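What follows is a set of notes on a single structure, which appears directly below.
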Amino acid sequence: MKILVINAGSSSVKYQLFDMHNESVLAAGKVERIGMDTAILSHEPYNKPEVREVSEILDHTTAIRKVLNLIVHKEHGVIDSVNDIHAVGHRIVHGGESFHESVLVTPAVKNKIKQLFDLAPLHNPAHIMGINAVEANMPDVPQVVVFDTAFHQTMDRKSFLYPIPMQLYNRHKIRKYGFHGTSHMYVSRQAAKYMGRPIEELKIVTCHIGNGASVTAVDGGISADTSMGLTPLEGLMMGTRSGDIDPAIVPYVIGKEDLTIQEVSSMLNKHSGLFAISGISSDMREIVEAMEAGNENAKLAFEMYEYRLRKYIGAYAAAMNGIDAIVFTAGIGENSWQLRERVCSNLTYLGVELDREANRTRSDKDRRISKEGSKVDVLVIPTNEELMIARDTFDIIVSTATHPQEMEETD
Amino acid sequence: MKKIGVVGLGTMGQGIAEMLAHNGLEVHVVEQTQEKLEQGLEYIEMSLDKRIEKWALTQSEKKLILTRIHLHEHIQNLSKCDLIIETISEDLEAKKEVFRSLGELCEEHVILASNSSTLSITEIAGVTKFPGRVIGLHFIHPVSNIDIVEIIRGLQTSDETFQRSKAFIEEHISKKGILVYESPGYVTTRLICTLINEAVHVYSEGVASAEDIDTAMRVGYGFKHGPLEMADRFGLDAVLAALERMFRDYGDLKYRPAVLLRKMVRAGQLGVKTGNGFFTYDEDGDRM
Chain V
1 MKILVINAGS SSVKYQLFDM HNESVLAAGK VERIGMDTAI LSHEPYNKPE VREVSEILDH
61 TTAIRKVLNL IVHKEHGVID SVNDIHAVGH RIVHGGESFH ESVLVTPAVK NKIKQLFDLA
121 PLHNPAHIMG INAVEANMPD VPQVVVFDTA FHQTMDRKSF LYPIPMQLYN RHKIRKYGFH
181 GTSHMYVSRQ AAKYMGRPIE ELKIVTCHIG NGASVTAVDG GISADTSMGL TPLEGLMMGT
241 RSGDIDPAIV PYVIGKEDLT IQEVSSMLNK HSGLFAISGI SSDMREIVEA MEAGNENAKL
301 AFEMYEYRLR KYIGAYAAAM NGIDAIVFTA GIGENSWQLR ERVCSNLTYL GVELDREANR
361 TRSDKDRRIS KEGSKVDVLV IPTNEELMIA RDTFDIIVST ATHPQEMEET D
Chain B
1 MKKIGVVGLG TMGQGIAEML AHNGLEVHVV EQTQEKLEQG LEYIEMSLDK RIEKWALTQS
61 EKKLILTRIH LHEHIQNLSK CDLIIETISE DLEAKKEVFR SLGELCEEHV ILASNSSTLS
121 ITEIAGVTKF PGRVIGLHFI HPVSNIDIVE IIRGLQTSDE TFQRSKAFIE EHISKKGILV
181 YESPGYVTTR LICTLINEAV HVYSEGVASA EDIDTAMRVG YGFKHGPLEM ADRFGLDAVL
241 AALERMFRDY GDLKYRPAVL LRKMVRAGQL GVKTGNGFFT YDEDGDRM
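Chains as they are written, first to last, in the working numbering: chain V, 1 to 411; chain B, 1 to 288.
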């Protein structure tokens, strides 16, 4: 069975085509600058040279059509006919409280995603464009939506509510939702598999640290708490995002600097984090390089980043009353041995014993970087959100094929 | 609507072009000379830099915005635009000339808008081919920060033109559009200039100091700036011109410009742009 995974942004579409027999990627690529006469399509078919095209692509429907044409192209294609694609899985950023798991797309599901536009004004409208574009090109192919927030819907009220007037939750659903759920779920399951233990009996802290970054307390396989909140601004210090700060800073700065709400929001999202403290970059590799070359501000940025991450790991160990494993994933988590080393060498009280050699060894495989006998396992698990989306899509398609009546019940 | 034309790159043209490009639209700007185009673009860059200082933008966003602004010396280059906004100086004959050319140049579905705050849309539409697509879009300075647009219907403006313009304002550039029928000063200019004029009277009668008049309105009624500082920011010459036009058109004494306002304009104390008006300002336009 072939499954196409789509991640639609407002002016871009990323895709991967999976063969679910062996979960291999047949082709991957993206369309950028949709809406322009110089849109760029790059297509990487497995075992064939990459293709790059610049042409006018004015909407998502055209973008998907061009992608499908390439997938079945005589020279650059990987399958014979579009009919070989059995289903399409979409990444959706915000599922609000409506979605606890991935579901088959129906008109009712689309409506619910639309109702969540307020909570994710940049992302959800683009996702709907992606769904409609697939519908226009492949009207008979079932589609599945996989939500970044769904994994965290298991959080208890005491974790997801903010201690502010309850009316705000009742009226506007202001609460913690959390993000990167697909990734936290994937790496926690992979970790359990790697450790050879049932996930139900494990307390795992997963650190998804890339451009955006969040930590999740995965207790017995379910998300018990996570560091991102109503929006992806809460929690860890990130490349250009502040993460946790005293909320009173916002009105104070508005008064002192004569800023608008939009300016403060832009300041916290795009002008803070590593970039603000180091003054040189939002990229961890450049921060580490500069730090090693003696740049004091880069050193401070690194130390703050590490300190804030470590505090969350400690907090979640306390939240779960225990910790069996720490998992690092995403760009920084998978690649920055310096950061992992610093975090782990400051967690010895928890029983973390880092294997410095293993930590420094580069690899793109799942791996353990703690010493044999360390009370807490430390693992690096490369994340694979697309595969997770493909798997969910596959499972739902197979189960609706066996129980067709469920298709009617999804709303 | 993806491609927007802007005729004129003065203060309003710059603000409108910058705001449109910031909203992801491709902007095609026309000015008479290369020199004026370059100068206008330079002011846009300065304005973007000021916003970066306020953390509203990043360097890469600035670059992206600038790549969306395309400069042209000839109005013919606008023929492929979906909407064209004219922002040249308030001179009826010159505006008619622009609309006459645009009318010939653009297909019927292209909306032709004027940013005029006082001139008659009906009269401008009268010289334009397919007058039903002519409308007024009155933006307020500074365009990036003020989220209201007066949408002015002339006598011939079609429902479709109005609906499409309103949808553009509210969906593409996330501002609020209000419907205004043609009338001197519309809503915003008429009300604010009357208030400013009255504030100048209060000041010149010695009832209260400039500082206290502004404080009263800022603190008392939630104005961001008091009426006298507002006059300084608009330019006292612009306020005087608007009042004189309304005084002439309505014939009502309530629009007669205060004597002090006239005197200050004669003295060249025009507000922020000359560094002094009712208050004094530094080069960045901040109150001293």
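A virtual CB, placed ideally from N, CA and C, is assigned to each residue, including glycine. In this text the structure is predicted, and so the values were computed from the model without any measurement.
About 6 Å separates the Cβ atoms of glutamate 182 of chain B and glycine 154 of chain B, confirming a contact at the 8 Å cut-off. Using a C-beta cut-off of 8 Å, the region 97 to 106 of chain B makes contact with the region 117 to 127 of chain B, since at least three inter-stretch Cβ pairs fall below that distance. Within the region 9 to 81 of chain V, the complete beta strand (DSSP E) segments of 3 residues or longer fall at 13 to 19, 24 to 32, 36 to 45 and 51 to 57, listed in chain order. Beta-bridge annotation (DSSP): arginine 91 of chain V is paired with V:Val146. Interface residue (Cβ-Cβ distance to chain B less than 8 Å): histidine 123 of chain V is not classified as such.
Between the alpha carbons of glutamate 353 of chain V and serine 374 of chain V lies a distance of about 5 Å.
For histidine 70 of chain B, the enclosing beta strand (DSSP E) starts and ends at 69 to 72. No Cβ of chain B is located within less than 8 Å of the beta carbon of threonine 231 of chain V. The region 176 to 194 of chain V makes contact with the region 378 to 396 of chain V, as at least three CB pairs between them are under 8 Å. If you compare the alpha carbons of B:Gly10, B:Glu108, B:Ser174 and B:Ser114 with that of tyrosine 43 of chain B, the shortest gap goes to B:Gly10. If you draw a straight line from the Cα of valine 376 of chain V to the Cα of alanine 315 of chain V, it is about 15 Å long. If you draw a 10 Å sphere on the C-beta of arginine 51 of chain B, you find 16 or more other C-beta atoms in it, and that means buried. Among the bridge pairs identified by DSSP, glutamate 97 of chain B is matched with none.
Residue-level contact by beta carbon fails for lysine 62 of chain B and chain V, as no gap is shorter than 8 Å.
In chain order, Phe147, Thr149 and Ala150 place their CB closer than 6 Å to the CB of glycine 95 of chain V, counting only its own chain and leaving out the 5 sequence neighbours on each side.
By the CB criterion at 8 Å, glycine 220 of chain B and leucine 270 of chain B fall outside the cutoff. Straight through space, the alpha carbons of threonine 58 of chain B and valine 7 of chain B are spaced by roughly 28 Å. Against chain V, the beta carbon of alanine 56 of chain B has neighbours under 7 Å at Gln262, Glu263 and Ser266, listed in chain order. DSSP places alanine 224 of chain V in the uninterrupted beta strand (DSSP E) bounded by 222 to 226. Under the Cβ criterion of 8 Å, asparagine 145 of chain B is counted among the residues facing chain V. For glutamate 26 of chain B, no alpha helix (DSSP H) encloses it; the enclosing beta strand (DSSP E) starts and ends at 26 to 30.
Residue contact check for lysine 2 of chain B against chain V: a CB pair falls below 8 Å. Judged by beta-carbon spacing, arginine 368 of chain V lies beyond the 8 Å limit of leucine 350 of chain V, meaning their Cβ atoms are not closer than that value. The residue among V:Gly77, V:Val54 and V:Gly9 with its C-alpha nearest the C-alpha of alanine 28 of chain V is V:Gly77. Looking from the CA of leucine 230 of chain V, the closest CA among V:Arg91, V:Met138, V:Gln153 and V:Val105 belongs to V:Gln153.
Taking 8 Å as the CB threshold, lysine 2 of chain V stays off the interface with chain B. Setting aside the 5 residues that flank it on each side, lysine 254 of chain B has no residue in the same chain whose C-beta is closer than 6 Å to its C-beta. With contacts defined by Cβ atoms closer than 8 Å, arginine 342 of chain V and asparagine 359 of chain V do not form a contacting pair.
Look at isoleucine 196 of chain B here: in three-state DSSP terms it is helix. Checking the DSSP bridge columns, you'll see isoleucine 135 of chain B partnered with B:Ala113.
Taking C-beta separations shorter than 7 Å and ignoring five residues to either side along the sequence, the partners of glutamine 338 of chain V in its chain run Val288, following chain order. Listed along the chain, the chain B residues whose CB falls inside 7 Å of the CB of lysine 270 of chain V are Thr58.
Around the CB of serine 165 of chain B, 16 or more other CB atoms lie within 10 Å, so the residue is classed as buried. The region 79 to 94 of chain B makes no contact with the region 283 to 303 of chain V: fewer than 3 CB pairs, one atom from each, lie closer than 8 Å. Within the region 273 to 331 of chain V, the complete alpha helix (DSSP H) segments at least 4 residues long are 273 to 278, 284 to 292 and 296 to 320, listed from N- to C-terminus. Glutamate 150 of chain B counts as buried, since at least 16 other C-beta atoms from the protein chains shown sit within 10 angstroms of its C-beta.
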